[in-house]
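Undergrad:
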Amino acid sequence: MGKNSNLAKIYLLFVFAVLYAPIVYLVYYSFNSGGTMYAFQEFTLEWYHEVVQDTRLFVILLNTVTIALLSAAISTVIGVVGAIALVNLRHRRIRNALLTLNNVMLVSPDVIIGASFLIFFAAIGIQLGFTSVLLAHIAFSVPIVVLMVLPKLQEMSPTLIDAARDLGASWWDVLARVVIPYITPGIMSGFFMALTYSLDDFAVTFFVTGAGFSTLSVEIYSMARRGISLTINALSTLMFLVTLLLVIGYYIISTRTSKQVRWGVRSR
Amino acid sequence: MDRRMRNMFLVPYGLWLLLFVIVPILMIGYYSLFDIDGVLTLNNYKRFFSPIYFSMALRSFWYAALITAVCLLIAYPTAYLLTKTKHKQLWLLLIILPSWMNLLLKAYAFIGILGTYGPINAFLKVIGIGAKQILFTDFSFVFVSVYIFIPFMILPIFSALEKLNPSLIEAAYDLGASPWVTFRRVIFPLTLGGVKSGVQAVFIPSLSLFMITRLIAGNRVITMGTAIEQHFLVTQDWGMGSALAIFLVIAMGLTMWFTEGGRRVR
């Protein structure tokens, strides 16, 4: 089949234009001295100053990053251990049942996850705040880690393990020196995914966060409900840059370790 | 791996599954059996079928179906044309990139773009139609939702098209099929798996959207998600909220069942 016709090119161009319009729009007006998202007056960095100087925002940023790093690290450990246990399960039906449960969490809408966690935390008496948000983030990040690690484990040849065993390695050695190094790319992408899931989550956090604790997404929501403020624009520009850096980092890690980059689309 | 070690490895993961997947879902079911005063009753389920709730649910389904259909209509040609571009992996990455930006920020951007003084209205003024109320309408809700979900539709269709053996299309042409017949009888059926996973990845979240409805649709549209959120966080009627959540879970199960065989969301 031939190349795309002009009409096709225009169509694709239009789709790309619409996809990027809001981002460009946000970034552009973050430099507007006029204080509105229309009628650009003069170039200013005023809104960025405001973001940097806002100590409340800084505390929220720290909360967000702390939650993201902690939840990504813990969910990676649980997910990797779980994936290893899953591939070693001999009963096929149990394995499939567990995998189905894993997928239930993945496709569950945010409101269901948020509402059910809210009930759960209330029932076992966990105060809403840092702990509840951290637990929730760990909980919804585990299945994505499992999903990223599992294919790596499955493509690993069992002869590698047999060889290590024949050469006298203990199970612990096999795990630490054969399995883990082999699946490291999967672990890295799992960690990365968990990190971005956590950084980005709004809906679940909104349910399980108390009055005294807030993350960036929740804060942006309450700011946006109050109306337009170019501080949000400046903040979002900075956040987009961070996302861009994370994606580039992920791309470099993935291309170094395998030819095919596996791109996930954000599901929440 | 020996049994003792395997079991040791299964414990944290199993515990996570139990505590954060099974128990919360069971608890939603349990709470749905109590009304706001804590009396055991099936009233919440009865209330769901009352005109107010039922029409809300139907409207929510209708919007989700509309959003999914529009996504599919735009995404399929896009995915198809993407497979024909030179640097398709790069273009695909560029399609996915906006989806990594915080959902709220995109919604927030549209408040400005679709607003009274935004560029869309400025454009409408220039071409002589004049400013219109775009924000807080059904149109803006569907538009922004499609914007948010379209990468989820493009990606699975793109991968399905990539997996398609081109010699099958050539065979169809050799046998005298027109481009349309080739598409309808060969390409589309063979990429149905991708379409199904796309539908699954768009339809379920569209049912449960709740923040967009407030920011973009100004509470004009109430989805299942909005209703659940309202019951849990505003009116504190956890029983009714749980009953609604149960129906949403059922809807989710049915959607997954109908789209089974598609690729999982990744």
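Residue numbers (this note's numbering), protein chains in the order written: chain A, 511 to 778; chain B, -3 to 262. Note that the Cβ used here is the ideal one computed from N, Cα and C, for glycine as well.
Does Met4(B) pass the burial test, meaning 16 or more other C-beta atoms within 10 Å, or should it be called exposed?
TA: Translated into the one-based positions of the second sequence, residue 4(B) becomes position 8. Exposed, because fewer than 16 other Cβ atoms sit within 10 Å of the Cβ of Met4(B).
Undergrad: Smallest Cα separation from Val217(B): which of Trp234(B), Ser56(B), Met23(B)?
TA: For the purposes of this step, residue 217(B) is taken as the residue at position 221 of the second sequence. Nearest C-alpha to Val217(B): Ser56(B).
Undergrad: Name the DSSP bridge partner or partners of Asn542(A)?
TA: On the first sequence, residue 542(A) is found 32 positions in, with the first residue counted as 1. Bridge partners of Asn542(A): Phe553(A).
Undergrad: Select from Asn743(A), Val562(A), Ala673(A), Val528(A) the residue whose C-alpha is nearest the C-alpha of Val688(A).
TA: Counted from its first residue, the first sequence places residue 688(A) at position 178. Nearest C-alpha to Val688(A): Ala673(A).
Undergrad: Which residues of the stretch 651 to 673 of chain A have a Cβ closer than 7 Å to any Cβ of chain B? Give them in chain order.
TA: For the stretch 651 to 673 of chain A, which is checked against every Cβ of chain B, the residues closer than 7 Å are Val652, Leu657.
Undergrad: Straight-line CA distance for Ala103(B) to Asn117(B)?
TA: Position 107 of the second sequence holds residue 103(B). Position 121 of the second sequence holds residue 117(B). In a straight line, the C-alpha of Ala103(B) is about 17 Å away from that of Asn117(B).
Undergrad: Is the stretch 683 to 699 of chain A touching the stretch 732 to 750 of chain A in the sense that three or more CB pairs, one from each, lie closer than 8 Å?
TA: Result no; under three Cβ-Cβ pairs closer than 8 Å.
Undergrad: So who's on the other strand from Leu536(A), going by DSSP bridges?
TA: On the first sequence, position 26 is the one that residue 536(A) refers to. None, per the DSSP bridge assignment.
Undergrad: What three-state label does DSSP hand Phe30(B) in the structure shown?
TA: Here residue 30(B) refers to the residue found at position 34 of the second sequence. Strand.
Undergrad: Listed from N- to C-terminal order along the chain, which residues in the stretch 614 to 625 of chain A have their beta-carbon within a distance smaller than 9 Å of any beta-carbon of chain B?
TA: Listed by position along the chain: Val614, Met615, Leu616, Val617, Ser618, Pro619, Asp620, Val621, Ile622, Ile623, Gly624, Ala625.
Undergrad: Apply the 10 Å Cβ neighbour rule to Asp620(A) and answer buried if 16 or more other Cβ atoms are within range, or exposed otherwise.
TA: Here residue 620(A) corresponds to residue number 110 of the first sequence, with the count starting at 1. It counts as buried.
Undergrad: Which bits of chain A does Lys102(B) rub up against, with CB to CB less than 7 Å?
TA: Position 106 of the second sequence, counted from the start, is the residue given in the question as residue 102(B). What Lys102(B) touches in chain A: Pro532.
Undergrad: What's the call for Ala167(B), buried or exposed, on a 16-neighbour Cβ count within 10 Å?
TA: Working through the second sequence from its first residue, we reach residue 167(B) at position 171. With fewer than 16 other Cβ atoms within 10 Å, it is exposed.
Undergrad: With a threshold of 16 other CB atoms inside 10 Å of the CB of Trp12(B), please say whether the residue is buried or exposed.
TA: Residue mapping note: residue 12(B) aligns to position 16 of the second sequence, counting from 1. By the 10 Å Cβ count, Trp12(B) comes out buried.
Undergrad: May I ask which residues mark the beginning and end of the alpha helix (DSSP H) holding Thr502(A)?
TA: Nothing can be reported for residue 502(A), as the shown portion of chain A is limited to 511 through 778.
Undergrad: Looking at the structure shown, is Leu677(A) part of a helix, part of a strand, or coil, going by DSSP?
TA: Position 167 of the first sequence, counted from the start, is the residue given in the question as residue 677(A). Here Leu677(A) sits in coil by DSSP.
Undergrad: Under three-state DSSP, which class holds Leu203(B)?
TA: Counting from 1 along the second sequence, the entry for residue 203(B) is found at position 207. The answer is helix: DSSP assigns Leu203(B) an H, G or I state.
Undergrad: Would you call the CB atoms of Ser238(B) and Met220(B) closer than 8 Å?
TA: The sequence position of residue 238(B) within the second sequence is 242, counting from 1. The sequence position of residue 220(B) within the second sequence is 224, counting from 1. Contact flag unset, no.
Undergrad: Ala549(A): which of Asp170(B), Thr112(B), Tyr49(B), Ala75(B) sits nearest, CA to CA?
TA: Against the first sequence, residue 549(A) aligns to sequence position 39. Looking at the Cα atoms, Thr112(B) is the closest of the given residues.
Undergrad: Anything in chain B within Cβ reach of Phe568(A), meaning under 9 Å, just list it in chain order.
TA: Here residue 568(A) refers to the residue found at position 58 of the first sequence. Residues of chain B passing the Cβ test: none, with the nearest at roughly 18 Å.
Undergrad: Just tell me which of Phe716(A), Phe723(A), Ala721(A), Ala646(A) has its CA closest to the CA of Phe206(B).
TA: The sequence position of residue 206(B) within the second sequence is 210, counting from 1. Closest by alpha carbon: Phe716(A).
Undergrad: Can you check whether the CB of Gly249(B) is closer than 8 Å to the CB of Asn40(B)?
TA: Here the question's residue 40(B) lines up with position 44 in the second sequence. Here the question's residue 249(B) lines up with position 253 in the second sequence. Not a contact, by the Cβ cut-off of 8 Å.
Undergrad: So what's Leu54(B) in DSSP terms, helix, strand or just coil?
TA: Walking along the second sequence from the start, residue 54(B) turns up at place 58. Of the three classes helix, strand and coil, the one that applies to Leu54(B) here is helix, per DSSP.
Undergrad: Three-state secondary structure (DSSP) at Leu644(A)?
TA: Sequence index remark: in the first sequence, residue 644(A) carries index 134 (1-based). Helix at Leu644(A).
Undergrad: Leaving out the 5 sequence neighbours to the left and right, which residues in its chain are closer than 8 Å to Ala71(B) when beta-carbon positions are compared?
TA: By 1-based counting over the second sequence, the position of residue 71(B) is 75. Correct list, in chain order: Ile146, Met149, Ile150, Ile153, Gly194.
Undergrad: Could you tell me which of Leu110(B), Leu164(B), Ser28(B) sits nearest to Leu38(B), measuring between CA atoms?
TA: Within the second sequence, residue 38(B) is the residue found at index 42, counting from 1. Out of Leu110(B), Leu164(B), Ser28(B), Ser28(B) has the C-alpha closest to the C-alpha of Leu38(B).
Undergrad: Using the beta-carbon count (16 or more within 10 Å), is Glu665(A) buried or exposed?
TA: The count along the first sequence starts at 1 and reaches residue 665(A) at position 155. Burial call: exposed.
Undergrad: Residues of chain A with CB under 7 Å from Arg2(B), in chain order?
TA: On the second sequence, position 6 is the one that residue 2(B) refers to. Chain A residues near Arg2(B): Ala595, Asn598.
Undergrad: Are the C-beta of Arg262(B) and some C-beta of chain A separated by less than 8 Å?
TA: Translated into positions along the second sequence, residue 262(B) becomes position 266. Bear in mind that the predicted position of Arg262(B) carries a pLDDT of just 36, short of 50, making it unreliable; the figure below should be weighed with that in mind. Output row for Arg262(B): interface = yes.
Undergrad: Using a threshold of 8 Å, state whether the C-beta atoms of Ala704(A) and Ile762(A) are closer than that.
TA: Looking up residue 704(A) in the first sequence gives position 194. Looking up residue 762(A) in the first sequence gives position 252. No. Outside cutoff.
Undergrad: Using DSSP with H/G/I as helix, E/B as strand and the rest coil, what is Leu171(B)?
TA: Taking the first residue of the second sequence as 1, we reach residue 171(B) at position 175. Coil.
Undergrad: Quick one: which chain B residues come within Cβ less than 7 Å of Ser727(A)?
TA: Working through the first sequence from its first residue, we reach residue 727(A) at position 217. Ordered by position in chain B, the residues that pass the 7 Å Cβ test against Ser727(A) are Asn98, Leu100.
Undergrad: In this structure, how does DSSP classify Leu250(B) when only helix, strand and coil are distinguished?
TA: Residue numbering aside, residue 250(B) sits at position 254 when the second sequence is read from its first letter. Of the three classes helix, strand and coil, the one that applies to Leu250(B) here is helix, per DSSP.
Undergrad: Just how far apart, CA to CA, sit Val656(A) and Leu6(B)?
TA: Within the first sequence, residue 656(A) is the residue found at index 146, counting from 1. Within the second sequence, residue 6(B) is the residue found at index 10, counting from 1. The alpha-carbon atoms of Val656(A) and Leu6(B) are separated by roughly 13 Å.
Undergrad: Which same chain residues, not among the five before or five after Arg262(B), have their C-beta less than 8 Å away from its C-beta?
TA: Within the second sequence, residue 262(B) is the residue found at index 266, counting from 1. Residue confidence for Arg262(B) is low, a pLDDT of 36 falling below 50, so the modelled location carries little weight and cannot support an answer.
Undergrad: Taking 8 Å as the threshold (C-beta atoms), are Thr741(A) and Val561(A) in contact?
TA: On the first sequence, position 51 is the one that residue 561(A) refers to. On the first sequence, position 231 is the one that residue 741(A) refers to. Going by C-beta atoms, Val561(A) is nearer than 8 Å to Thr741(A).
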